[in-house]
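Undergrad:
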Amino acid sequence: MPLTGHCLCKAVTYTADVDAPLVTGYDHCDDCQRQTGSTYSLVAVVPKDKLTINGPVKTWTGTAASGNKVDRLFCSECGSPIAHDPSAAPEIIVLKAGTLDTEIKKNLKPDTEIWTAGKLPFCQEHLAKPFKFMPE
Numbered sequence: 001m002p003l004t005g006h007c008l009c010k011a012v013t014y015t016a017d018v019d020a021p022l023v024t025g026y027d028h029c030d031d032c033q034r035q036t037g038s039t040y041s042l043v044a045v046v047p048k049d050k051l052t053i054n055g056p057v058k059t060w061t062g063t064a065a066s067g068n069k070v071d072r073l074f075c076s077e078c079g080s081p082i083a084h085d086p087s088a089a090p091e092i093i094v095l096k097a098g099t100l101d102t103e104i105k106k107n108l109k110p111d112t113e114i115w116t117a118g119k120l121p122f123c124q125e126h127l128a129k130p131f132k133f134m135p136e
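Following UniProt numbering, the numbering of the sequence shown begins with 1 at its first residue and continues without gaps.
1. Going by CA-CA distance only, name the one from G25, T24, L3 that's closest to D17.
2. Measuring CB to CB, does Y14 end up less than 8 Å from P110?
3. Pick helix, strand or coil for R85, following the three-state DSSP scheme.
4. Taking 6 Å as the limit between beta carbons, can you name the residues of its chain near T116, skipping five residues before and five after?
5. So which of Y40, T39, Q35, K10 has the shortest CA-CA distance to G62?
6. For M1, which residues of its own chain have a beta-carbon under 8 Å away from its beta-carbon, when the five flanking residues on both sides are left out?
7. For C75, which beta-bridge partners are listed by DSSP?
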């Protein structure tokens, strides 16, 4: 069953032709905190060649704390973040898991934390596979 989702206004929809994400986790980097306005971003990593996005997407390219470029995709209508596309890992794309369809995101089981170097001190939960930066 593919992973499907959409932005807040439903102008952007997507389908990832996979049964499950490669990785589901919490991204604590400062950029994700700022983009989501929260303490971290729940992310679902999928192969880039398995993802189809439809609708009015804008891209903003920034430089991550690692020094690598990251394209951040968002709906040009409502501004919902859809994904980020790290140049350091061209074979994958990182979906903002909050945009997955409700029944899909209810069944997610985060198992990884990345960029724990940016984890805010009051976030106490620890998962089995934390990485101080991106997986080494």
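Glycine included, C-beta positions come from ideal geometry on N, C-alpha and C.
TA: Put simply:
1. What you label residue 17 is simply residue 17 of the sequence shown in a count that begins at 1. For the options G25, T24, L3, the alpha carbon positioned closest to that of D17 is the one of L3.
2. Sequence index remark: in the sequence shown, residue 14 carries index 14 (1-based). Sequence index remark: in the sequence shown, residue 110 carries index 110 (1-based). In this structure, P110 does not lie closer than 8 Å to Y14 by Cβ.
3. To locate residue 85, count along the sequence shown from 1; it is residue 85. Inspection of the sequence shows that residue 85 is occupied by Asp rather than by Arg. D85 falls in the strand class under three-state DSSP.
4. The sequence position of residue 116 within the sequence shown is 116, counting from 1. Hits under 6 Å: H28, P130, K132.
5. Indexing the sequence shown from 1 puts residue 62 at position 62. Out of Y40, T39, Q35, K10, Q35 has the C-alpha closest to the C-alpha of G62.
6. By one-based count along the sequence shown, residue 1 stands at place 1. Within the same chain, M1 has close Cβ partners D19.
7. Here residue 75 corresponds to residue number 75 of the sequence shown, with the count starting at 1. According to DSSP, C75 bridges with V57.
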